[in-house]
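Chains as they are written, first to last, in the numbering used here: chain A, 1 to 464; chain B, 1001 to 1644.
Virtual Cβ for every residue (Gly too), placed ideally from N, Cα, C.
Have a look at the structure below, then the notes.
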Ligand SMILES: [Zn+2]
C-alpha cells in the first residue's frame, strides 16, 4: 500500500533526481515536457520492483504512462491530487435474533475499496467497513472483527498458528457463536489442518475463507465467499472448515473438512478440493448450509471436550521422494537436528533401496519417520510388497491416507508434546478429525479427464 | 425544414462536435494476454460459466453511475466456453501472461502511421466494464501513442491516443435478467484510435472515420471482414453533453447517426427550456407512484396483463408538471417516451416492448379511458401531470418507476451523458448505459510496465508503409479514378501492384487488374489463389515485352486460374503468335466476309467480334479497331476504345 509520507515513493536514481530537479512530488498534478510528448496528469509512486529510469503519470484519460527521466526537459507543478485512504464506515446493525460471529483477520484483503487515483487497494476490515462493502453480511449475522496479524499466507507459521488457536479458543469461550478466519489461500489448508489439531471439538463452526480473485475487481469471488462463510459460521456444522467456491461459476461454496482439503490449482476459483472423500456440505446465500454427509460434528458439540492444545515442534520436514534420491540428503536433514520426517513416497508408499540403510540409521537416532503418498489419493499400503515390509522394519510408519501436508502439521504438533516413540505413533495414527479415514468412498477420487465424450457432455450440461 | 436532409441543418450554429474512436482487430496469431489462437467459431459451446459482476467501491465509497446502474440490473451472466479458443485466462481463472509482443509492435507501427509520439514505457490499465462483456469485469488496455494527427481538408485532425487492448465477448442474447456471451472473440488484440472532437458535421464524421479505417488497413497489420472493425462515435452540441454511440460496424451509418443525435440533443434542450418555462426545477421536481394492479385486473385486453397472470404487478407513476411532454419528439419518429422506455428496458430488464403506457398509446395498448382515469385519480394526477404505467415482476417494476423518475429529472438539466446503441434500422439509437467516467480506470497490478526502447521505435518507423494520404495523392495524380484509388490504397496486394507498375509502365492496366479484374474472377468462381505474386510480376514483364496486349489479359488470367499454369504457358496456350505481315493478311481475310450487317456500327462490331475471338491479345485492340473502322463504309462517331 502506498503511503502519503514519502514524497518520492519508490523512485531511485535518475527518476528520483528528475523529481528533485523539478521540485515535484508524488501526487502532484504535473505537466511534463519530454521528447516523447507532453503529458498532463498526476505523478504516481513508482513500483519498487520496476526500473529506475522512468517516472509514472496517471493521465486525465485514466491511463498510466511511464516517461523516461532523461528525455524530460521540464516538469511544471499544477496542483495536487491526493488519494483517499479511507473506507467509508456504516454502523453494522445488531440483531439479537442472529448469531454472533467473530471475524479474525490474518492478512490479505477479504473486502476492499479501490482508490482510482492511485490504484491502491484499501482493505475493508472493521464491521462498519465490511458492511459498506458487503452489506449482505448484516442479513446473516452480527459481526465483530479483530485483526490478529497482517501477513501473507505464505509467511504463516507456528508463531501465528499458536496465537490464532488461542484467540479462537478464547473467543468461543467468550461467547462467539461462529468464527470466520480471513486467510490467504496459498496455505489455507495448512492452517486448517493445524487448527484442527490445536482447537479440538469446537462447539461452533470455525471457517477459513479467502479469495482467488482479489476483491478490487468486479469479478472477485471475495464477497460471495465471505457471504458463504457467514452462512457457514451461523450453520449447523461445528468443525474447522475451509469455505471456498465449489464450481468456478458463481453457484455455491463447498465446506471442506480442515484435514482433507487441499488447494489443487494455482488460480482457479474452484481450487480447493476435498481429497479422498467428499466435502461436508454446500453453502450459498439462498439455501444455507446443505450437508452432503451426516457424520459431522454438530453445533453445540459432540460431547467430547472442547480443548486447546497449542503445541508445535519446528524440527519436522516433508521429504518429497524422487527416483535416485541420495542417502546423504537424509543424513543432512538428521544432521541439521530434524526430529521428524514425513516422506511423500511413490505409489503405495515407496522409496529406493539405497535409502533403506540410512532410514534405519535415522530412526535409530530417534528420528520419527512417517510415510504418506505423493499420489495424494489412496492409502499407503506397505504390506503389499516386500520392500514396504522391509521399510517398516527400518522404522518407517505408514500413515494410511493422511495427506502429506496434514501429516507434516500433525507430526509437528505431536512432537511439540512428546518424543516417546510409541506415544507419538499412537497419536499420529488416531484420527482427531478425519485426517485418516477407515475407508475411501468410490466417489472420493474423481478427477475427470477432459476430451472424453462423456466428460465433454457433462461439461456442456452443467456449469463449470 | 426537412429533418432528414443534412444540408438543411446549421451544424456550426448547433455547435456540433464529434470525435471518433475506432477499434480494429490486429492480425496476430495469438490473443493479447494468453496463447490462445484468434478466430471465431460457430456451433455449440463446450461448456458454460455463470457469473455476476459486483461493482467495486470507488472514491468515498460511492459506486459510480455506470456501476450503480449495472448493480440495479442484477444481471446473471452466462459465458459460452469454446475449448479451442479460450483458456483459463479468458475465464478469469488465471492471471494474464506477458503481453503479446507482436501486438505491441503492430500498435507502435499504427501509432507511427498516425504520427503519434510513442510512450517510453507502456503501462497496462484496467478499464471497468460491468455489463459482463469481459469476465474479469475490466478490459486490459495500454496507451502506446499520443498526440498524433492526420491531414483532412485544409486542417489537421488530432489523434489523441492510440491504445492496444483486448476485445470483449460477443453477445449472444440478453433477455430479462440473463445475458449470454460467447467467449471466442474475447481478448483478441485490438487497436483503439481516438480522435479529438474535431469533426464539425456528420459528413465530416463519416469521411474522417473512413480515413482512419483506411490508415489502419493500409498497414496490412489488421484484420478485415465483418466485426473486425467497430466505431464508437461521440457527439455533442452546445448546451448538450457527450453521448457515445457505441459499436457502429458500418461507417456508412455514421453521418445519419450523428445527424440524428445532434437533433436529439437539440430536442432535449428544447424540452429543458419548456420545463424551465413551466418552472420545474431540480428542487421542486416531484412525482408519486402507486400499485395500479387492481385497476387493470379485469381488463384482459391490456397488453401488460401477462404480468398479472405471472404474479407480477402493474405500477403507475405521476410526474408533476410533465403533462403533454411524454410525447415530445426527440427524433423525427421518436419521442421522450422512447427515452423512458429505453431506460426501463435496460435497467429494469423489462425488455418485452412496449414496456410503458402513457396518454398517447394507452388506448392502443388496451387500457380503457375509465381505468386510466381511476389510476390517475389514485395518484391525484391532473392535466398538468404526466401519467405512466409499467408492468412486470414486482422488483423490476419498482426499479422501472424509479428509473422513469430519474430520467424525467435529468430532462430538467437537458442531455444526460450516456452510451447509446444503434437500432436495427441503422438510423436511430437507444439507451445502452450511463456513460462511464475516467474513474473506471485503474492500474493492472498483474502485469509489469513495458519499456519501449528507441531502437524498437526506429525499427518500426523503418517498416511502416507510406501515409495513405500520400499514396492517394500519387495515384490520383497518375490519373486513376477516385474509386480505383480508394480500392488500391488499402489493397492487401498494394506492394505487388506497385511493382507491377514499375515493371509494366502501365499504371492503369495494373490498377484495373489488381483492384477489379481479380475480384471479378473470384466472384465468378475462378481459383484466383493461382494468381500468385510471382505470376503477377511475370505477367507484368510479358506485358512489357508485348508478348500479349491488354485485351488478352482476362483470358490469360482465366487460364492461369483454371489450369494453374505459369504465365508463359498460359500465353503460349491462348495467344496466337503472329507477325505484322500475318496481321495484315487477317484484315484482308475480313474484307470478303459475307453476312455483314447493314448498319455500319453493327458492321464494325461484327468484324471486331470475328477477329477478336481468335486474335484477342495478339494484336493491340486499338490497331484492330482502327483497321476495322477504316474498312467499314462510313466513319462512325463512336471511336471509343473497345472494352474488355
Ligand atoms: Zn486464452
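Tell me whether residue i is buried or exposed, calling it buried when 16 or more other Cβ atoms sit within 10 Å of its Cβ.
| i | result |
| --- | --- |
| residue 3/A | Residue placement at residue 3/A is poorly supported in this model, since its pLDDT is 47, which falls under 50; the coordinates still yield a value, given next. Classification of residue 3/A: exposed, given that the 10 Å Cβ count is below 16. |
| residue 320/A | exposed |
| residue 1105/B | buried |
| residue 1643/B | In this prediction, residue 1643/B scores a pLDDT of 44, lower than 50, which makes its location untrustworthy; no coordinate-derived value is stated. |
| residue 462/A | exposed |
| residue 146/A | exposed |
| residue 1447/B | buried |
| residue 74/A | exposed |
| residue 165/A | buried |
| residue 1363/B | exposed |
| residue 1306/B | exposed |
| residue 1231/B | buried |
| residue 125/A | buried |
| residue 1062/B | Only weak support is given to the placement of residue 1062/B: the predicted model assigns it a pLDDT of 46, under 50, and the value that follows is read from those uncertain coordinates. Residue 1062/B is exposed by the Cβ-count criterion. |
| residue 1276/B | exposed |
Taking the continuous beta strand (DSSP E) assigned at residue i, which residues delimit it?
| i | result |
| --- | --- |
| residue 1049/B | 1047-1051 |
| residue 1390/B | 1386-1392 |
| residue 1431/B | 1429-1434 |
| residue 1316/B | 1313-1319 |
| residue 284/A | 281-284 |
| residue 316/A | 316-320 |
| residue 1139/B | 1138-1152 |
| residue 1128/B | 1125-1128 |
| residue 100/A | 100-105 |
| residue 1291/B | 1287-1291 |
| residue 32/A | 28-34 |
| residue 508/A | In the structure displayed, chain A extends from 1 to 464; residue 508/A sits before or after that span and is not available. |
| residue 59/A | 54-59 |
| residue 370/A | 368-373 |
| residue 1023/B | 1017-1025 |
| residue 1158/B | 1155-1166 |
| residue 1533/B | Looking at the DSSP string, residue 1533/B is not in any beta strand (DSSP E); the run it does join, the alpha helix (DSSP H), is 1533-1544. |
| residue 272/A | 272-274 |
Confirm the yes/no value for this check: CB of residue i, any heavy atom of ligand 1, distance under 7 Å.
| i | result |
| --- | --- |
| residue 1090/B | yes |
| residue 290/A | no |
| residue 31/A | no |
| residue 266/A | no |
| residue 1086/B | yes |
| residue 1169/B | no |
| residue 1187/B | yes |
| residue 1031/B | yes |
| residue 1034/B | yes |
Determine the extent of the alpha helix (DSSP H) in which residue i is found, giving its start and end residues.
| i | result |
| --- | --- |
| residue 156/A | Careful: residue 156/A lies outside any alpha helix (DSSP H) and carries neither H nor E. |
| residue 413/A | 404-415 |
| residue 1470/B | 1468-1477 |
Tell me the start and end of each unbroken beta strand (DSSP E) in the segment 1329-1383 of chain B that is at least 3 residues and wholly inside, in chain order. Correct list: 1329-1331.
Threshold first: 3 residues or longer. Then list the beta strand (DSSP E) segments lying entirely within the segment 328-364 of chain A, N to C. Assignment of beta strand (DSSP E) within the segment 328-364 of chain A, counting only whole runs of 3 or more residues, yields 340-345 in chain order.
Could I get the ranges of all uninterrupted beta strand (DSSP E) runs contained in the segment 177-265 of chain A, with 3 residues as the minimum, in chain order? When DSSP assignments are scanned along the segment 177-265 of chain A, the uninterrupted stretches of beta strand (DSSP E) that are 3 or more residues long and fall wholly within it turn out to be 178-182, 206-209, 240-245, 253-257, 261-263.
Members of the segment 35-52 of chain A near chain B, C-beta cut-off 9 Å: Taking a C-beta cut-off of 9 Å against chain B, the contacting residues of the segment 35-52 of chain A are 35, 36, 37, 38, 39, 44, 47, 49, 50, 51, listed in chain order.
At what residue ranges does the segment 1182-1257 of chain B contain a whole run of the alpha helix (DSSP H), taking only runs of 4 or more? Listed in chain order, they are 1202-1218.
Identify each residue in the segment 244-262 of chain A for which the Cβ-Cβ distance to at least one residue of chain B is less than 7 Å, and report them in chain order. Within the segment 244-262 of chain A, the residues whose Cβ lies closer than 7 Å to some Cβ of chain B are 248, 249, 250, 251, listed in chain order.
Chain A contacts made by the segment 1107-1118 of chain B, where a contact means CB separation under 9 Å: Taken in chain order, the members of the segment 1107-1118 of chain B whose beta-carbon sits within less than 9 Å of a beta-carbon on chain A are 1116, 1117, 1118.
Below 9 Å between beta carbons is the criterion; list the residues of the segment 272-288 of chain A that meet it against any residue of chain B, in chain order. Shown here is that no member of the segment 272-288 of chain A has a Cβ falling below 9 Å from a Cβ of chain B.
Could you tell me which whole alpha helix (DSSP H) segments of length 4 or greater appear in the segment 1445-1520 of chain B? The segment 1445-1520 of chain B contains these whole alpha helix (DSSP H) runs: 1454-1463, 1468-1477, 1482-1489, 1494-1504, 1507-1512.
Cβ-based contacts, 7 Å cut-off: residues of the segment 1148-1167 of chain B near chain A: Within the segment 1148-1167 of chain B, the residues whose Cβ lies closer than 7 Å to some Cβ of chain A are 1161, listed in chain order.
Note down, in chain order, all residues in the segment 57-74 of chain A with a beta-carbon under 7 Å from any beta-carbon belonging to chain B. For the segment 57-74 of chain A, which is checked against every Cβ of chain B, the residues closer than 7 Å are 60, 61, 62, 63, 64, 65, 66, 67, 68, 71.
Contact residues within the segment 1124-1142 of chain B, judged by C-beta distance below 7 Å to chain A: The segment 1124-1142 of chain B vs chain A, Cβ under 7 Å: 1125, 1128, 1130, 1135, 1136, 1137, 1138.
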